[in-house]
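*Asks:* The structure under discussion is supplied below as structure tokens; questions concerning it will follow.
As structure tokens, this is what we get:
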């Protein structure tokens with residue numbers, strides 16, 4: 026703010042641009058510097074130079090401080106001072122920024138689409154089968170000094186890319202190393218999370234060996250598929266598994282309908298038999314009781330009762346029938362000749 | 012006089028600064044260097060900090076102190092079981108002795124050329140001694156370690172002041188022309204698995220159906236067994252009850268039961284031939 030306090034145009038009243046031509050160049054003289062002035066000028070220059078040592082560290086960053094080339098401190102977000110160049114230097118590293126690497130595909134930010142790279146994504150599994158994997162890795166700088174002084178990347182100028190080439194190479198090597206140890210069926214089905222973990226551990230191990238100052242946050246297998254040349258066959262295996270389950274379900278359905286039906290039938294048979302048993306017992310008891318009652322009364326007057334019962338029965342029986350009474354003597358001679366048919370009711374042969 | 016002094020002071024300042032820049036130099040944390048005098052090695056500096064040299068006659072050559080990258084084009088190797096593999100590897104190396112490096116390599120590019128030759132021949136040799144499955148599955152890590160160690164030993168013999176820290180296989184894949192064979196083998200394998208699944212399905216289903224049928228037959232037979240037992244109980248009890256009752260007067264039972272039977276049997280219209288001797292007609296003849 027200091028320079029604004031000084032009168033910039035001592036003669037100009039309003040100080041507008043239209044007054045500029047009035048400034049007379051001929052009156053301008055080069056300032057005469059006396060040796061004593063250096064006693065002021067040099068401290069001022071030194072002071073201004075020291076002021077340039079002020080620097081700001083943003084929220085997502087850390088400052089790596091070098092004094093005479095030596096790493097002396099890391100600074101947190103805020104305003105700081107370090108001895109200015111050429112003696113000192115501050116390199117800011119975005120430690121909170123998550124960096125991302127894609128293996129086997131590239132997301133095109135402008136089109137939100139994915140470009141598959143078969144050269145990267147097709148690899149060998151155990152048993153020399155091939156698989157198509159898209160993987161993404163997220164990582165960030167853990168130790169900014171290590172990050173700066175540990176590994177030189179092919180993209181040396183682009184520090185912000187965060188050792189992109191190195192991490193990508195390590196990611197590819199780890200991915201293939203882990204996949205090469207695993208069976209294709211495991212990778213496609215149950216083994217995915219274990220494989221992600223193994224790749225993560227392997228990457229971290231190698232990056233630590235390099236003293237890269239990086240930490241791997243997340244390894245994600247995005248797409249794990251058979252190569253497109255054989256995808257149809259794999260799908261057929263899935264279908265066949267479905268077929269298998271369907272056949273079993275159908276058989277179970279058959280079982281579930283037949284067994285209860287048979288059980289029902291068995292229960293019905295038993296119930297019928299039990300009904301028969303009870304019926305038989307009750308009927309017999311009924312018959313027995315009736316007989317005993319008749320017998321009780323019969324014994325009081327056997328002769329008359331016997332006759333009465335006989336005659337009553339015969340009366341009832343014979344009253345409903347046609348009767349032919351033939352003398353006993355005629356019986357033997359006539360009977361064979363008798364036209365029995367005519368006597369029988371029509372329709373009965 | 013005073014004016015002369017005023018003119019000289021800036022010149023002196025500039026000269027002093029120039030002299031200082033020729034004398035003093037800073038080696039950063041990520042650097043190491045050699046000081047040379049007319050191209051002849053004088054000393055090496057591997058510690059970061061503030062250093063000085065004889066101005067004008069000596070110069071400083073800086074080298075990277077960090078782990079350096081060496082990524083080469085993929086090459087095709089033939090494994091022990093005579094299969095072609097495309098190997099894409101990269102190496103990490105560093106300059107450990109700037110003096111030797113200055114004397115024998117001078118620049119990173121020259122050093123990389125040497126490294127490429129050494130690593131390539133080691134890789135070829137080791138991969139040629141192993142089967143594809145060993146390279147891909149079982150011995151990948153130990154092979155990489157072996158290649159690293161052997162390449163490094165060879166590099167040490169050259170005394171370039173260079174160390175190979177890590178040789179890593181980025182990719183070990185089949186060449187495109189060999190992939191087709193793998194694909195058709197994979198298809199066959201999948202067909203076999205699919206067939207197996209379907210047969211297993213049929214097998215399981217048949218087992219379930221057969222078991223079901225068996226259970227059904229057993230259930231019904233069991234039911235029949237119980238049925239006969241229960242019916243038998245009923246019959247037995249019935250016989251017992253009636254025998255006890257009717258046994259009290261067998262003759263009366265026969266009489267009364269016969270009468271009942273007549274009544275039931277002879278209800279329908281029909282003809283009966285009777286003899287006048289019939290007890291029923293007894294009074295018809297003789298009142």
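Protein chains in written order, with the working numbering: chain D, 26 to 374; chain H, 12 to 298.
Idealized CB from N, CA, C, for every residue including glycine.
Predicted, not measured: the structure shown is a model, and the values here were computed from it.
#1: Grab the span of the beta strand (DSSP E) containing residue 2 of chain D for me, first residue to last.
#2: Nearest chain D C-beta to residue 110 of chain H closer than 8 Å, yes or no?
#3: Do the CB positions of residue 205 of chain D and residue 254 of chain D come within less than 8 Å of each other?
#4: Would you list, in sequence order, the uninterrupted alpha helix (DSSP H) runs of no fewer than 4 residues that lie entirely inside the stretch 223–306 of chain D?
#5: Could you have a look at residue 346 of chain D and say whether DSSP puts it in helix, strand or coil?
#6: Name the DSSP beta bridge partners of residue 126 of chain D, please?
#7: Taking the Cβ atom as the reference point for each residue, do residue 103 of chain H and residue 80 of chain H lie within a distance shorter than 8 Å?
#8: Rank H:49, H:27, H:64 and H:55 by C-alpha distance to the C-alpha of residue 36 of chain H and give the top, closest one.
#9: Can you have a look at residue 164 of chain H and say buried or exposed, based on whether 16 or more other CB atoms are within 10 angstroms of its CB?
#10: Per DSSP, residue 174 of chain H is paired with what?
#11: With H, G and I counted as helix, E and B as strand and the rest as coil, what does DSSP make of residue 78 of chain H?
#12: Can you tell me whether residue 345 of chain D is buried or exposed? The criterion is at least 16 other CB atoms within 10 Å of its CB, across all chains shown.
#13: Considering only the beta carbon of each residue, do residue 284 of chain H and residue 294 of chain D sit closer than 8 Å?
#14: I need the DSSP call for residue 113 of chain D, collapsed to helix, strand or coil.
#15: For the stretch 305–320 of chain D, which residues have a beta carbon sitting closer than 8 Å to at least one beta carbon of chain H?
#16: Which residue marks the beginning of the alpha helix (DSSP H) containing residue 151 of chain D, and which one marks its end?
#17: Assuming residue 215 of chain D is part of the alpha helix (DSSP H), what are its boundary residues?
#18: The beta strand (DSSP E) that contains residue 99 of chain D, what's its start and end?
#19: Using C-beta distances below 6 Å, list every residue in its chain close to residue 211 of chain D, excluding the 5 sequence neighbours before and after it, in chain order.
#20: For residue 61 of chain H, list the residues DSSP reports as bridge partners.
#21: In this structure, what does DSSP give as the bridge partners for residue 155 of chain D?
#22: Between the stretch 171–180 of chain H and the stretch 115–124 of chain H, are three or more C-beta pairs nearer than 8 Å?
#23: Closer than 7 Å by beta-carbon distance: list the chain D residues that pair up with residue 299 of chain H, in chain order.
#24: By DSSP, does residue 269 of chain H sit in helix, in strand, or in coil?
#25: Is it a yes or a no for the stretch 142–158 of chain H touching the stretch 158–175 of chain D, going by three-plus beta-carbon pairs under 8 Å?
#26: Name, please, each residue of chain H whose Cβ falls closer than 9 Å to the Cβ of residue 99 of chain D.
#27: Using a C-beta to C-beta distance shorter than 8 Å, which residues of chain D count as neighbours of residue 235 of chain H?
#28: Counting only Cβ-Cβ distances shorter than 8 Å, please list the residues of the stretch 172–188 of chain H near chain D, keeping chain order.
#29: Is residue 39 of chain H closer than 8 Å to residue 91 of chain D when the C-beta atoms are compared?
#30: Below 8 Å on the Cβ atoms is my guess for residue 142 of chain H versus residue 90 of chain H; work out the distance and round it to an integer in Å.
#31: So with CB distances below 9 Å, who are the chain H contacts of residue 119 of chain D?
#32: For the alpha helix (DSSP H) that contains residue 195 of chain H, what are its first and last residues?
#33: What does the Cβ neighbour count give for residue 23 of chain H, buried or exposed, with the cut at 16 atoms within 10 Å?
#34: Is any heavy atom of the ligand PLP found at a distance shorter than 7 Å from the C-beta of residue 332 of chain D?
#35: Alpha carbon to alpha carbon, how far is residue 83 of chain D from residue 103 of chain D?
#36: Examine the Cβ distances between the stretch 228–248 of chain H and the stretch 257–265 of chain H and report whether three or more of them are shorter than 8 Å.
*Replies:* Looking at the atomic coordinates:
#1: Beyond the ends of chain D as shown, which are 26 and 374, falls residue 2 of chain D; an answer cannot be given.
#2: Here residue 110 of chain H is taken as the residue at index 99 of the second chain, counted from 1. Answer no: the Cβ-Cβ gap between residue 110 of chain H and chain D never drops below 8 Å.
#3: The residue given as residue 205 of chain D occupies position 180 in the first chain. The residue given as residue 254 of chain D occupies position 229 in the first chain. No; because the gap between Cβ atoms is not below 8 Å, this pair is not in contact.
#4: none
#5: Locating residue 346 of chain D in the first chain gives position 321, counting from the first residue. Looking at residue 346 of chain D - three-state DSSP - the assignment turns out to be coil, as it is neither helix nor strand.
#6: Here residue 126 of chain D refers to the residue found at position 101 of the first chain. Answer is D:162.
#7: Position 92 of the second chain, counted from the start, is the residue given in the question as residue 103 of chain H. Position 69 of the second chain, counted from the start, is the residue given in the question as residue 80 of chain H. A contact, by the Cβ cut-off of 8 Å.
#8: In the second chain, the residue the question calls residue 36 of chain H occupies position 25. The shortest Cα separation from residue 36 of chain H among H:49, H:27, H:64 and H:55 belongs to H:64.
#9: One-based indexing of the second chain puts residue 164 of chain H at position 153. Label assigned to residue 164 of chain H: exposed.
#10: Taking the second chain and counting its residues from 1, one reaches residue 174 of chain H at position 163. Looking at the DSSP assignment, residue 174 of chain H forms a beta bridge with H:105.
#11: In the second chain, counting from the first residue as 1, residue 78 of chain H sits at position 67. If DSSP states are grouped into helix, strand and coil, residue 78 of chain H belongs with the strands.
#12: Indexing the first chain from 1 puts residue 345 of chain D at position 320. It counts as exposed.
#13: Looking up residue 284 of chain H in the second chain gives position 273. Looking up residue 294 of chain D in the first chain gives position 269. Against a cut-off of 8 Å, the Cβ pair of residue 294 of chain D and residue 284 of chain H comes out as no contact.
#14: Numbered from its first residue, the first chain carries residue 113 of chain D at position 88. Here residue 113 of chain D sits in strand by DSSP.
#15: 305, 306, 308, 309, 310, 312, 313, 314, 316, 317, 319 and 320
#16: Residue numbering aside, residue 151 of chain D sits at position 126 when the first chain is read from its first letter. It is not in any alpha helix (DSSP H) - residue 151 of chain D carries neither H nor E in the DSSP assignment.
#17: Taking the first chain and counting its residues from 1, the one referred to as residue 215 of chain D is at position 190. It is not in any alpha helix (DSSP H) - residue 215 of chain D carries neither H nor E in the DSSP assignment.
#18: The residue given as residue 99 of chain D occupies position 74 in the first chain. Its beta strand (DSSP E) spans residues 95–100.
#19: Taking the first chain and counting its residues from 1, the one referred to as residue 211 of chain D is at position 186. Around residue 211 of chain D: no qualifying Cβ.
#20: Translated into the one-based positions of the second chain, residue 61 of chain H becomes position 50. Residue 61 of chain H is bridged to H:37.
#21: Against the first chain, residue 155 of chain D aligns to sequence position 130. DSSP output for residue 155 of chain D lists D:149 as bridge partner(s).
#22: yes
#23: Outside the shown range of chain H, which is 12 to 298, sits residue 299 of chain H, and nothing can be said about it.
#24: Position 258 of the second chain holds residue 269 of chain H. In this structure, residue 269 of chain H counts as helix in the three-state DSSP scheme.
#25: no
#26: By one-based count along the first chain, residue 99 of chain D stands at place 74. Result: empty, since nearest Cβ-Cβ is about 12 Å, beyond 9 Å.
#27: What you label residue 235 of chain H is simply residue 224 of the second chain in a count that begins at 1. Residues of chain D passing the Cβ test: 294.
#28: 176, 177, 179, 180, 181, 182, 183, 184 and 185
#29: On the first chain, residue 91 of chain D is found 66 positions in, with the first residue counted as 1. On the second chain, residue 39 of chain H is found 28 positions in, with the first residue counted as 1. Yes, the Cβ-Cβ distance between residue 91 of chain D and residue 39 of chain H is below 8 Å.
#30: For the purposes of this step, residue 142 of chain H is identified with residue 131 of the second chain, where counting begins at 1. For the purposes of this step, residue 90 of chain H is identified with residue 79 of the second chain, where counting begins at 1. Indeed they touch by this definition, with Cβ atoms about 6 Å apart.
#31: One-based indexing of the first chain puts residue 119 of chain D at position 94. Residues of chain H passing the Cβ test: none, with the nearest at roughly 18 Å.
#32: The residue given as residue 195 of chain H occupies position 184 in the second chain. Segment 187–257, the alpha helix (DSSP H) holding residue 195 of chain H.
#33: The count along the second chain starts at 1 and reaches residue 23 of chain H at position 12. The residue is exposed, with fewer than 16 neighbouring Cβ atoms inside 10 Å.
#34: The ligand PLP is absent from the structure shown, which contains no ligand whatsoever.
#35: The sequence position of residue 83 of chain D within the first chain is 58, counting from 1. The sequence position of residue 103 of chain D within the first chain is 78, counting from 1. Going from the Cα of residue 83 of chain D to the Cα of residue 103 of chain D covers about 7 Å.
#36: no
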